[in-house]
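Participant:
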Amino acid sequence: MRIALFGPPGAGKGTQATYLFEKYGVRTLSTGNLVRSEIRNEGPLGPKLASFIHDGGLVPDSIVEDLFTEKIAQFEFDQFILDGFPRTIPQAEWLTNFLDAHKAPLRKVISLSVPEEETIERLSGRRIHKLTCEPFHIVHNPPPSHIPPHLIVQRLDDRPESVTERLAVYKTVTAPIEAYYEERGLLAKVSGVGSPAQVHQRIIEALVSNSILEWA
Ligand code: AMP
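Be aware that the sequence shown starts at 21, since it is given in the working numbering, and climbs by one per residue.
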């Protein structure tokens, strides 16, 4: 399986990647996690990255591509799920060339569609575990009581002002990627509305009907 999960912030890409990992053992490469861990580990790029991410903007392509190249070396070239990458047309073109050079082109891009009001509701209620980054939602998936409250935090880019900017960036810069993959026959659109288990089932069906998985 070599796929990318695509969609607006709050579409559930990370959650669906976890479901796929649990069922098929295929690991995810999330560029958002790579950026956050660079910031957490106080790497040389940390402060610069923090300002991009906290304002809800995108990190420059060349930085994300370098982080991606470093990380993908730890993956089998036949087994990965991309989450949050590519996010610009130049990144998509770069990725096509990179994967072609490794004879490992993407087999499918699953685009999760969710109405904007719902993505806002999901992002504004999202909380994460400060150390593990495990996601929760204050209404739909509250953190269990054994986790000390001070370890449950809101991502800085989930604050209302950052969410507005992230959605605007998604619409103008990231959404055109759908057409890029559609033209190449790689796009599968899946509704991201409903419970995570329902969305997971739809993704499985899309992968089966595209001969990427053999059974549901
Ligand atoms: P995510 O966890 O995927 O929502 O990503 C969080 C933030 O990391 C984004 O809002 C961007 O600031 C940055 N980021 C993640 N992936 C990319 C990417 N492919 N290109 C540029 N910036 C990215």
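For each residue, glycine too, the CB sits at the ideal point set by N, CA and C. For clarity, every value in this text was computed on a predicted model and none was experimentally measured.
1) Who are residue 211's beta bridge partners in DSSP?
2) CB of residue 111 to nearest heavy atom of ligand 1: below 8 Å?
3) Going by the beta-carbon positions, is the gap between residue 101 and residue 48 smaller than 9 Å?
4) Please determine, among 130, 223, 214, 128, the residue with the shortest C-alpha to C-alpha distance to residue 43.
5) Check residue 178 in the structure and name its three-state DSSP category.
6) Any beta carbon of chain C sitting closer than 9 Å to that of residue 234?
7) Is residue 78 a contact residue of ligand 1, with contact defined as CB to any heavy atom under 8 Å?
8) My output table needs one value for residue 67: the three-state DSSP class, helix, strand or coil.
9) Got a sec: does ligand 1 put a non-hydrogen atom nearer than 8 Å to the Cβ of residue 106?
10) Along the chain, where does the beta strand (DSSP E) that runs through residue 48 open and close?
11) Does residue 50 pass the burial test, meaning 16 or more other C-beta atoms within 10 Å, or should it be called exposed?
12) Please report how far the alpha carbon of residue 121 lies from the alpha carbon of residue 108, in whole angstroms.
13) Give me the Cα-Cα distance between residue 184 and residue 94, rounded to the nearest whole angstrom.
14) Consult DSSP for residue 170 and reduce its assignment to one of helix, strand or coil.
15) Using beta-carbon positions only, say whether residue 220 and residue 36 come within less than 9 Å of one another.
16) Rounded to a whole number of angstroms, what is the C-alpha to C-alpha distance between residue 130 and residue 164?
17) Cβ of residue 213 within 9 Å of Cβ of residue 135?
18) Based on the DSSP secondary-structure assignment, which residues constitute the bridge partners of residue 128?
19) Compute the Euclidean distance between the alpha carbons of residue 104 and residue 231, then round it to the nearest angstrom.
20) Could you tell me how far apart the beta carbons of residue 88 and residue 124 are, in whole angstroms, since I believe they sit closer than 8 Å?
Facilitator: With the structure as the only source:
1) Start at 1 with the first residue of the sequence shown, and residue 211 comes out as number 191. The partner list for residue 211 (beta bridge, DSSP) reads 133.
2) Start at 1 with the first residue of the sequence shown, and residue 111 comes out as number 91. Yes, Cβ of residue 111 sits closer than 8 Å to a heavy atom of ligand 1.
3) As a working note, residue 101 is residue 81 in the sequence shown. As a working note, residue 48 is residue 28 in the sequence shown. Yes, they are a contact pair.
4) Taking the sequence shown and counting its residues from 1, one reaches residue 43 at position 23. Comparing Cα-Cα distances from residue 43 to each of 130, 223, 214, 128, the minimum goes to 223.
5) By 1-based counting over the sequence shown, the position of residue 178 is 158. Here residue 178 sits in helix by DSSP.
6) In summary, chain C is missing from the structure at hand, where a single protein chain is found.
7) The residue labelled residue 78 in the question sits at position 58 within the sequence shown. The answer is yes for residue 78.
8) The count along the sequence shown starts at 1 and reaches residue 67 at position 47. In this structure, residue 67 counts as helix in the three-state DSSP scheme.
9) Counting from one through the sequence shown, the residue named residue 106 turns up at place 86. At least one heavy atom of ligand 1 is nearer than 8 Å to the Cβ of residue 106, so yes.
10) As a working note, residue 48 is residue 28 in the sequence shown. 48–50 is the extent of the beta strand (DSSP E) around residue 48.
11) Sequence index remark: in the sequence shown, residue 50 carries index 30 (1-based). It is buried - the Cβ of residue 50 has at least 16 other Cβ atoms within 10 Å.
12) Locating residue 121 in the sequence shown gives position 101, where the first residue counts as 1. Locating residue 108 in the sequence shown gives position 88, where the first residue counts as 1. Approximately 20 Å between the Cα atoms of the pair.
13) Locating residue 184 in the sequence shown gives position 164, where the first residue counts as 1. Locating residue 94 in the sequence shown gives position 74, where the first residue counts as 1. Computed Cα separation, rounded: 34 Å.
14) Residue numbering aside, residue 170 sits at position 150 when the sequence shown is read from its first letter. Looking at residue 170 - three-state DSSP - the assignment turns out to be helix.
15) Taking the first residue of the sequence shown as position 1, residue 220 is located at position 200. Taking the first residue of the sequence shown as position 1, residue 36 is located at position 16. Yes, these two residues count as a Cβ contact at 9 Å.
16) Indexing the sequence shown from 1 puts residue 130 at position 110. Indexing the sequence shown from 1 puts residue 164 at position 144. Residue 130 and residue 164: Cα-Cα distance of roughly 31 Å.
17) Residue 213 sits at position 193 when you count from the first residue of the sequence shown. Residue 135 sits at position 115 when you count from the first residue of the sequence shown. Cβ atoms of residue 213 and residue 135: closer than 9 Å.
18) As a position in the sequence shown, residue 128 is number 108, starting the count at 1. In the DSSP output, where bridge partners are listed per residue, residue 128 has 23.
19) Numbered from its first residue, the sequence shown carries residue 104 at position 84. Numbered from its first residue, the sequence shown carries residue 231 at position 211. Going from the Cα of residue 104 to the Cα of residue 231 covers about 24 Å.
20) For the purposes of this step, residue 88 is identified with residue 68 of the sequence shown, where counting begins at 1. For the purposes of this step, residue 124 is identified with residue 104 of the sequence shown, where counting begins at 1. Wrong, their Cβ atoms sit about 13 Å apart, outside the cutoff.
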